[in-house]
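For this note's numbering, add 263 to where a residue sits in the sequence shown, where the first one is 1.
Yeah, the Cβ is synthetic: ideal placement off N, Cα and C, and Gly gets one too.
Below: one structure, written as structure tokens.
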Amino acid sequence: MDAEARNQYLRDLREEYCLAPKSVKSRLLDEAAKRTGLARKVIIGKLARSATLVRRPAGKRRRTYDAAVCTALIELWTLFDSPCGQRLVALLRERVPRLRQRGFWNCSDEVAAKLVKVSAKRPTAFWRHNAANCAWGHTAAAPCGACCWSRSR
């Protein structure tokens, strides 16, 4: 039985399954398992789903950090003497508002808000594509913190 025929069979079976008492549901599941070759739990999941039997492809996520944020992040990373990702995030949360308030560093409110919200894992992902290997085999243009934190750049 191909996928389209199986889905058609399960669509027809869904209404009967939803209206049936528990004893009849068990018999219907046994019959569907024999015909389709699927496990009972898979069939229960497919019959319980109301909309479709086939998964829709997930939509592409919107890009959160644009080029302005990347540029600002790399600029601040250099300004703060190349800290690792976790230290950079702590510095961003503490120092970006202060630097902007005192006029030492200028950026838009939107970019500043995104820089303050960035997670500790995210900063190094911006420059991972042009990475250089460290002594321990880590790849990142920024020091990884575990082995390269004292290396000067």
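Measure from the alpha carbon of residue i to the alpha carbon of each residue in the options, then state which is nearest.
i, options, result
"L291", "L276, D329, K304 and S345", "L276"
"V374", "E279, R350 and Y328", "Y328"
"K384", "A353, R269 and R363", "A353"
"A376", "E357, F367 and G366", "E357"
"A268", "E294, S345 and T299", "T299"
Beta carbon of residue i, beta carbon of residue j: below 9 Å?
i, j, result
"K309", "L339", "no"
"A311", "A302", "no"
"A331", "S371", "yes"
"L342", "L378", "no"
What first and last residue would you give for the alpha helix (DSSP H) that runs through residue i?
i, result
"K309", "R303 to A311"
"W340", "A330 to L342"
"C281", "A266 to L282"
"K380", "D372 to K380"
"R324", "Taken as a continuous stretch (DSSP letters only), R324 belongs to no alpha helix (DSSP H), as it is neither H nor E."
"G348", "G348 to R365"
What did DSSP end up calling residue i once you bin it into helix, strand or coil?
i, result
"T299", "helix"
"C407", "Any reading at C407 is ruled out, since the residue's pLDDT is 47, under 50, leaving its predicted position unreliable."
"K384", "coil"
"S286", "helix"
"S415", "Only weak support is given to the placement of S415: the predicted model assigns it a pLDDT of 46, under 50, and the question is left unresolved by the model."
When every heavy atom of the ligand MN is checked, does at least one fall within less than 8 Å of the C-beta of residue i?
i, result
"G366", "Looking at this structure, you won't find the ligand MN or any other ligand, since it has none at all."
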